[in-house]
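What follows is one structure encoded as structure tokens, with my remarks underneath.
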């Protein structure tokens, strides 16, 4: 592709907030907590430490996991020099380190697929067997010589990689073709359909323990999962009227996954990919569509941000195909049916989920696990796995003023399920309870159950009249609003401590708009300017912070945390 100025733009504002509830924010809880304890008088440095931890204690010594910060008895030394911040278009490493490219946009992942030309002439359909764009969350699954999952194998395995989004300038010679606000090249859009999603590739280490990793182009396990891949809807929201589309009149399936950001794993060797900023891909012109919708539908659309032309304008391609490859991204009520079986008015309900993929079953159908709720999923972090105990996954909703969630299985872990594949997910991921976090001023918090009929999640709720559990799961954000969850500063990636079960979340937005300098006091002294190289000020806490908490007693199904 000829050199050209690179412009990366998006119609979707990832920092936008759609949470208009009166629920308290984490900042307000933190301020009350610190004010009550009269901490940090004149100590800005100490305040920064507390903000990063929310008055956290280590896991209780009487619980199932050992107490103590960090790695407990084990210490970890990072034996390399830090590198400075940089905006250079380069990989910058400490002295003595090197890097190599494993898997890049356009790389062929099937036998007989030609090398990527990278000049805009590669056939769109060929991208179904090429690496996608915007590599994001990923997980490695070790593989035994007989082709089965072996978690301790570190020389050969399957790598699952999210391909979150696209940079059009890397796909089309002169950028996307847009005339009068519409996409006029179906081939360009088809190429974009394929480069979103997930790649599964077999990888192996060459030349000993410190050798270079390579992927195997002709592996039978290699697979691309993209916006056209058929998905099974699973859990309480599946096969309900909310999921009915022209593609699936019974609400049992959908096509594709989109904007896959962070990820997770299961203890039976499957991959969890998370649909994050999916809402921005749909076209819904509010001036035309709103008069045709119910008050509940409008409340749901507003809470999830389903409005506008669609960030990539996919729904504007004409003529459409007989199977509605392009029209399926139009979420407006266009048909005459009462249930949505003749259009895609309900299509947004089929996105915003955690999707389970079996990397060792290349012909398996991915499943959208609706029991884990629908929001801007950033990740699904697996908690401690113990025989005879429930399984837990921690999740963040990646937007300002959104919430932290956890899902706890009703079934208790049986290690005999460890090699059962995606079918095992029906047992643990379709049958469980979803919770949202509320942080209290005393330094603790509680998990609020998101089930129909409790915690304000009822048909009598004045903001949104819930009908059943499927309604709760599809409108998880509204259910969390009703329950009284704490607004967080954009929860993104998380992690669970491997030795004591403590949970960590990165909260990436806490700026001057949320805490202006006029509100700085002894309890909230963290206000600074991380000025850009352009001279633009970034006031407040533009780099965010990390929060750490531990379940009461070390129990994954605890209702309290600290």
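In our numbering, the protein residues as written are 9 to 570. Glycine residues also receive a C-beta, built at the ideal position from the N, C-alpha and C atoms. Owing to the predicted nature of the structure, the values given are computational and were not obtained by experimental measurement.
Where residue i and residue j are concerned, what is the direct C-alpha to C-alpha distance, given to the nearest angstrom?
i: residue 438; j: residue 248; result: 15 Å
i: residue 190; j: residue 144; result: 29 Å
i: residue 505; j: residue 414; result: 16 Å
i: residue 215; j: residue 187; result: 52 Å
i: residue 570; j: residue 462; result: 24 Å
i: residue 136; j: residue 469; result: 45 Å
i: residue 134; j: residue 384; result: 30 Å
i: residue 111; j: residue 315; result: 35 Å
i: residue 240; j: residue 510; result: 33 Å
i: residue 27; j: residue 406; result: 12 Å
i: residue 498; j: residue 154; result: 43 Å
i: residue 63; j: residue 272; result: With a pLDDT of 36 at residue 63, under the threshold of 50, the modelled position of that residue is not reliable, and the figure given next carries that caveat. Their backbone Cα atoms lie some 27 Å apart in a straight line.
i: residue 549; j: residue 485; result: 25 Å
i: residue 183; j: residue 140; result: 17 Å
i: residue 252; j: residue 260; result: 8 Å
i: residue 432; j: residue 424; result: 10 Å
i: residue 231; j: residue 283; result: 19 Å
i: residue 127; j: residue 181; result: 6 Å
i: residue 434; j: residue 262; result: 18 Å
i: residue 276; j: residue 378; result: 19 Å
i: residue 574; j: residue 208; result: Lying before the first or after the last residue shown, residue 574 is absent from the chain, which here runs from 9 to 570.
Quick one: is residue i buried, meaning 16 or more other Cβ sit within 10 Å of its Cβ, or exposed?
i: residue 6; result: Since the first residue of the chain shown is 9 and the last is 570, residue 6 is not available in this structure.
i: residue 6; result: For the chain, the structure presents residues 9 to 570; residue 6 sits outside this window and is missing.
i: residue 88; result: exposed
i: residue 306; result: exposed
i: residue 380; result: buried
i: residue 227; result: buried
i: residue 607; result: The chain is shown from 9 up to 570; residue 607 falls before or after that span and cannot be answered.
i: residue 138; result: buried
i: residue 218; result: exposed
i: residue 204; result: buried
i: residue 109; result: exposed
i: residue 374; result: buried
i: residue 387; result: buried
i: residue 541; result: exposed
i: residue 238; result: exposed
i: residue 115; result: buried
i: residue 99; result: exposed
Under 8 Å Cβ to Cβ from residue i, same chain only, skipping five residues before and after it: list those, please.
i: residue 332; result: 254, 255 and 352
i: residue 465; result: 458, 459, 474, 480, 487, 490 and 491
i: residue 258; result: 247 and 252
i: residue 220; result: 108, 213 and 214
Go through its chain and collect everything with a Cβ distance to residue i's Cβ below 6 Å, but skip five positions before and after it.
i: residue 402; result: 389, 414, 502 and 511
i: residue 416; result: 398, 400, 440, 441 and 565
i: residue 281; result: 170, 206, 268, 271 and 363
i: residue 198; result: 132
i: residue 321; result: 191
What whole-angstrom Cβ distance do residue i and residue j have, given they're in contact under 8 Å?
i: residue 250; j: residue 354; result: 6 Å
i: residue 567; j: residue 454; result: 6 Å
i: residue 178; j: residue 113; result: 6 Å
i: residue 337; j: residue 313; result: Actually they do not touch by this definition, with Cβ atoms about 15 Å apart.
i: residue 555; j: residue 357; result: That pair is no contact at about 31 Å.
Tell me whether residue i counts as near the ligand SAM, meaning its Cβ is closer than 7 Å to at least one heavy atom of that ligand.
i: residue 390; result: Among the components modelled here there is no ligand, and therefore nothing to report on the ligand SAM.
Output needed for residue i: all residues of its chain with C-beta closer than 7 Å, excluding positions within five of it in sequence on either side, in chain order.
i: residue 286; result: 266, 267, 359 and 360
i: residue 366; result: 278, 372, 429 and 430
i: residue 151; result: 157, 158, 161, 164, 165 and 166
i: residue 404; result: 386, 387, 412, 499, 500, 502 and 513
Beta strand (DSSP E) segments (min. 3 residues) lying fully within the region 423-469: Fully enclosed beta strand (DSSP E) runs of 3 or longer: 440-447 and 453-457.
Runs of alpha helix (DSSP H) lying entirely within the region 192-259, each at least 4 residues, in chain order: Counting only unbroken stretches of 4 or more residues, the alpha helix (DSSP H) elements lying wholly within the region 192-259 are 194-203, in sequence order.
Length at least 3, wholly inside the region 272-318: the beta strand (DSSP E) runs in chain order: List check, beta strand (DSSP E) in window: 279-283.
Beta strand (DSSP E) segments (min. 3 residues) lying fully within the region 349-385: 362-365 and 375-377, all fully within the region 349-385.
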